[in-house]
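>
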Amino acid sequence: MKVLFLELDTESEWAVASLGPSFLAAYLRQHGHEAAFLRVPADRDVAELADEIRAEAPGLIGVSLTTRQWLRAQQVLGGLRRISNIPVIAGGLHPTFSPEEVLRQDGIDYVCLGEGEAALLDLVNAMEAGAIGDIANIWVKGGTRPKLRNPIEPLDSIPFAARDMLDERWGVRHISTQRGCPFPCTYCAARMYDQLYDTPDTTSYGRRRSHGNVLAEIAALREEGPLNYIIFLDDTFTIHHPWVREFCKIFKREVGVRFSLHARVETVNETMLHELAEAGCWHIVYGVESGSERVRREIMKRSATNQRFRDVFRWTKEAGIMATANYIIGTPGESRAEMQETIALHHELQPVDFGFFVFYPYPGTELFQLCKAKGYLPDDYLTRPANHRQSILNLPNVTPKDIEAVFEQWTRIRAEAAAARSLPEHRDQVIAETRASAMRA
Ligand code: B12
Ligand code: SF4
4 MKVLFLELDT ESEWAVASLG PSFLAAYLRQ HGHEAAFLRV PADRDVAELA
54 DEIRAEAPGL IGVSLTTRQW LRAQQVLGGL RRISNIPVIA GGLHPTFSPE
104 EVLRQDGIDY VCLGEGEAAL LDLVNAMEAG AIGDIANIWV KGGTRPKLRN
154 PIEPLDSIPF AARDMLDERW GVRHISTQRG CPFPCTYCAA RMYDQLYDTP
204 DTTSYGRRRS HGNVLAEIAA LREEGPLNYI IFLDDTFTIH HPWVREFCKI
254 FKREVGVRFS LHARVETVNE TMLHELAEAG CWHIVYGVES GSERVRREIM
304 KRSATNQRFR DVFRWTKEAG IMATANYIIG TPGESRAEMQ ETIALHHELQ
354 PVDFGFFVFY PYPGTELFQL CKAKGYLPDD YLTRPANHRQ SILNLPNVTP
404 KDIEAVFEQW TRIRAEAAAA RSLPEHRDQV IAETRASAMR A
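Residue 311 in this note's numbering sits at position 308 of the sequence shown; the count goes up by one each step and never skips.
1. With Leu126 as the anchor, note down where its alpha helix (DSSP H) starts and where it stops.
2. Ordered along the chain, which non-local residues of its own chain (more than five positions away) have a Cβ less than 7 Å from that of Pro388?
3. Taking buried to mean at least 16 other C-beta atoms within 10 Å of its own C-beta, is Gln2 buried or exposed?
4. Run the CB neighbour count on Ser213, radius 10 Å, all protein chains shown included, and call it buried at 16 or more, exposed below.
5. In the structure shown, what three-state DSSP assignment does Thr205 receive?
6. Report back the beta-carbon spacing between Ala164 and Ala29 to the nearest angstrom; my notes put them in contact at under 8 Å.
7. Under a criterion of Cβ closer than 6 Å to any non-hydrogen atom of ligand 4, which residues qualify, in chain order?
8. What is the rounded straight-line gap between the Cα of Asn397 and the Cα of Gly378?
9. Would you list the one or two residues that DSSP bridges to Tyr330?
10. To the nearest angstrom, report how far apart Pro243 and Ser67 are at their CA atoms.
11. What residues match up with Ala39 in a beta bridge as DSSP calls it?
12. At which residues does the alpha helix (DSSP H) containing Gly23 begin and terminate?
13. Name the two residues that bound the continuous alpha helix (DSSP H) containing Phe456.
14. What's the C-alpha gap between Phe359 and Ala53?
15. Taking a contact to mean a Cβ-Cβ separation below 7 Å, would you say Phe235 touches Val268 in this structure?
16. Since I believe Ala326 is in contact with His277 (beta carbons under 8 Å), could you give me their beta-carbon distance rounded to a whole number of angstroms?
17. I'd like to confirm something about Leu199: is its beta-carbon nearer than 6 Å to some heavy atom of ligand 1, or not?
18. Are the Cβ atoms of Thr241 and Val271 separated by less than 7 Å?
19. Three-state secondary structure (DSSP) at Ala282?
20. Rounded to whole angstroms, what is the Cα-Cα separation between Gly109 and Phe250?
21. CB of Ile92 to nearest heavy atom of ligand 1: below 6 Å?
22. Go ahead and label Asp383 buried or exposed: buried means 16 or more other beta carbons lie within 10 angstroms of its beta carbon, across all protein chains shown.
23. Mapping DSSP to helix, strand and coil, what is Ser425?
24. Note the first and the last residue of the continuous beta strand (DSSP E) segment covering Phe262.
25. Give me, in chain order, the residues of the same chain whose beta-carbon lies closer than 7 Å to that of Trp173; leave out the 5 immediate sequence neighbours on both sides.
This is the structure in C-alpha cells:
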C-alpha cells in the first residue's frame, strides 16, 4: 500500500518537515510498502490539495501533528473529507496527548499513540487484508483506547530516516541520535512520552543509537550529495557524557563537518564544550526559559542557578561555539517582576541569538494539568492558536496585556540587536523588518 504523508505548514516561512514520517516511511519501505511526501503550504486551497492527493493515489494519508498544527489540520482534513474518502491517520505529540479531541474531528479515522513504526505497518497490513482488529498503539475512531507496545529497542534496529520526507535544503542534514529525555520540565510535551509508556512491562523511554549506527547514516548521506552542516535534533544531545566524548573523537576523525545541537546547562561542562568545539560544534541552543530561579525551580522543575547559566554561556563562548538562548514568557505563577528578571539575565548572558515564546500549555504536560485544575485554561483552548505570541490563559496575577507588553519588549530587544549589527543607514529598515518578523515567527 502507498501511504502519503502530508506536512501541514502553519506559517509561510520554510522549516524542515516533521521527523516522525521520515522514520515511518523508511520502515514501511523496508517492509514492502510505498511512501510519498507532500508539503501543504499554509495558504493551499483544499480542492487543489485534493487534486494533488488524487495524483498520488494513496491507500492511506498520514499526518504528523504538533499542537501548533492542529487548527490547520482541522481545516484541511475536515475539508478533504468532504471531497475524498481516503482514510487518514494522525500521529505525533498532539494526537498522542489529545487523542479523543483529534478523533472527534471529521476526516481523521485513526490516531497513533506514541512510536509509530510497527503500529503503522500493522495497520497498513491489516487494511490490505481487509480486517482491522485491535492494533497496539492505534486508536480507531469509535473504538476504545488501545494497548501500547514497548518502545523500540535497540534504536539501531530501525532504518535510517527517509530523506525525501524531510525537504532538506543547502546540504544541511538533520539527524536524531536518541529518543526520550530524562528531565522533568513541567512545560515540555516531549518529556511526557516517558509517562505515556510508564507501565510495569516497559523499559524506560530514553534510548540512544550506537556511534557506529549514527556514523553509518552520515556516511550514507555523504554518498547521496553535499553534506555541509548537520543539525542534531535530539532533545538534549549532551546527556550521557561517555557517549558524547567518544562521539566527539570519532566525529572529528571521520566526519569533520560543522554541527549544532540542543543542550541543557546541567549537562555540559567546560571540558566537554572544548571537545565539542574541536569536533566541529558550531552552535548550541540552550533552554534558559526564565531568569527567575524561583520560577525555574518551583514552576518549571529546573534547579540550575543563574550562576550556572552565566558560567556555561561564558564557557561556550570561550570554546568558540555560538550560543542561542530560548526564553518563555507568561508561565502560570510568574509575576511581572519575574518576567523582567528574564530580560536582565538575557543581558548578562549575551547569547548570539535568542528566541522568546509566550507560554502555551501543551496537552499532556504537568503545566497543562495545573492550568486546567486552576481554571486558567479557557474552555475553547483547542480552537486558540498555539503560536507563542499571545497567552491563551486567564491568569490571576497578570493580564494578557501585561504579557503582550513583555513580548513587545523582547521584540524591541531583538530589533535593536539586529540594528546594532547593520550599517547605520539600514538601521530603521532592519528594526521595522525584525519587528514584523517577530509577529509572524
Ligand atoms: C525536531 C523538532 C522540531 C523541528 C522539526 C519539527 C518536527 N515536528 O519534527 C523544528 C525545528 C522545525 C521544530 C519546530 C517547532 N517545534 Co519542535 N520539536 C522537535 C523535537 C526536539 C524533536 C522531534 C523529533 O524529531 N522527534 C523524533 C521523532 C521520531 O519522534 P516523533 O516526532 O514523536 O514521531 C514518532 C511518533 O510521534 C509517531 N508519529 C509522529 N508522527 C506521526 C504520523 C503518523 C501518521 C503516525 C502513524 C505516527 C506518527 O511515530 C514517530 C516515530 O516513532 C521535539 C521534541 C520531541 N522529542 O518530540 C520538539 C517538539 C515537537 N516541538 C515543539 C514545538 C512547540 C515546536 C515549535 C512550535 C517551536 C516554536 N515555538 O517555534 C515549532 C513548530 C513546528 C510545527 N510545525 O508545528 C513541541 C511540540 C509540543 C506540542 N504538543 O505540540 C515539542 C514536543 C518540544 C517540546 N519541548 O514540547 N521542532
Ligand atoms: S530538557 Fe528539554 S526536552 Fe528535556 S524535558 Fe526539559 S524541555 Fe523537555
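The C-beta atom is built at its ideal place from N, Cα and C for all residues, glycine as well.
This is what the structure holds:
1. Here residue 126 refers to the residue found at position 123 when the sequence shown is read from its first residue. Run containing Leu126: Glu120 to Ala132, per the alpha helix (DSSP H) assignment.
2. The count along the sequence shown starts at 1 and reaches residue 388 at position 385. Non-local beta-carbon contacts of Pro388 in its own chain, meaning distances under 7 Å to residues more than five positions away in sequence, involve Leu74 in chain order.
3. Nothing can be reported for residue 2: it is not among the residues displayed for the chain, which extend from 4 to 444.
4. On the sequence shown, position 210 is the one that residue 213 refers to. Counting of Cβ neighbours within 10 angstroms places Ser213 among the exposed residues, the total staying below 16.
5. For this step, residue 205 is matched to residue 202 along the sequence shown. No answer about Thr205 holds up, because its pLDDT of 49 lies below 50 and its placement is not dependable.
6. Residue numbering aside, residue 164 sits at position 161 when the sequence shown is read from its first letter. Residue numbering aside, residue 29 sits at position 26 when the sequence shown is read from its first letter. About 6 Å separates the CB atoms of Ala164 and Ala29; that is less than 8 Å, so the two are in contact.
7. With respect to small molecules bound, the structure shown includes ligand 1 and ligand 2 and not ligand 4.
8. Position 394 of the sequence shown holds residue 397. Position 375 of the sequence shown holds residue 378. Near 8 Å, if we compare the C-alpha coordinates of Gly378 and Asn397.
9. As a first step, residue 330 must be located in the sequence shown, where it is residue number 327. Here Tyr330 is bridged, per DSSP, to Glu292 and Phe359.
10. By one-based count along the sequence shown, residue 243 stands at place 240. By one-based count along the sequence shown, residue 67 stands at place 64. Residue identity check: residue 243 is His in the sequence provided, not Pro. Each residue's Cα considered, the two are about 29 Å apart.
11. Numbered from 1 along the sequence shown, position 36 holds the residue referred to as residue 39. Leu7, per the DSSP bridge assignment.
12. Position 20 of the sequence shown, counted from the start, is the residue given in the question as residue 23. Boundaries of the alpha helix (DSSP H) around Gly23: Gly23 to Gln33.
13. An answer regarding residue 456 cannot be provided, because it is not within the stretch 4 to 444 covered by the chain.
14. The count along the sequence shown starts at 1 and reaches residue 359 at position 356. The count along the sequence shown starts at 1 and reaches residue 53 at position 50. Distance between the alpha carbons of Phe359 and Ala53 is about 36 Å.
15. Within the sequence shown, residue 235 is the residue found at index 232, counting from 1. Within the sequence shown, residue 268 is the residue found at index 265, counting from 1. No, these two residues do not count as a Cβ contact at 7 Å.
16. Numbered from its first residue, the sequence shown carries residue 277 at position 274. Numbered from its first residue, the sequence shown carries residue 326 at position 323. Actually they do not touch by this definition, with Cβ atoms about 14 Å apart.
17. Counting from one through the sequence shown, the residue named residue 199 turns up at place 196. Distances taken from the Cβ of Leu199 to the heavy atoms of ligand 1 include none shorter than 6 Å.
18. Sequence index remark: in the sequence shown, residue 241 carries index 238 (1-based). Sequence index remark: in the sequence shown, residue 271 carries index 268 (1-based). Yes, the Cβ-Cβ distance between Thr241 and Val271 is below 7 Å.
19. Counting from one through the sequence shown, the residue named residue 282 turns up at place 279. In this structure, Ala282 counts as helix in the three-state DSSP scheme.
20. Counted from its first residue, the sequence shown places residue 109 at position 106. Counted from its first residue, the sequence shown places residue 250 at position 247. One point to set straight first is that residue 109 is Asp, not Gly, in the sequence displayed. Spanning the two alpha carbons is a distance of roughly 47 Å.
21. Residue numbering aside, residue 92 sits at position 89 when the sequence shown is read from its first letter. True, at least one ligand heavy atom lies under 6 Å from that Cβ.
22. Working through the sequence shown from its first residue, we reach residue 383 at position 380. Per the 10 Å Cβ criterion, exposed.
23. Start at 1 with the first residue of the sequence shown, and residue 425 comes out as number 422. DSSP, reduced to helix, strand and coil, places Ser425 outside both helices and strands of the structure shown, so it counts as coil.
24. Walking along the sequence shown from the start, residue 262 turns up at place 259. Where Phe262 is concerned, the enclosing beta strand (DSSP E) starts and stops at Arg261 to Ala266.
25. Working through the sequence shown from its first residue, we reach residue 173 at position 170. Within the same chain, Cβ atoms closer than 7 Å to the Cβ of Trp173 are found at Asn231, the five residues on either side in sequence being excluded.
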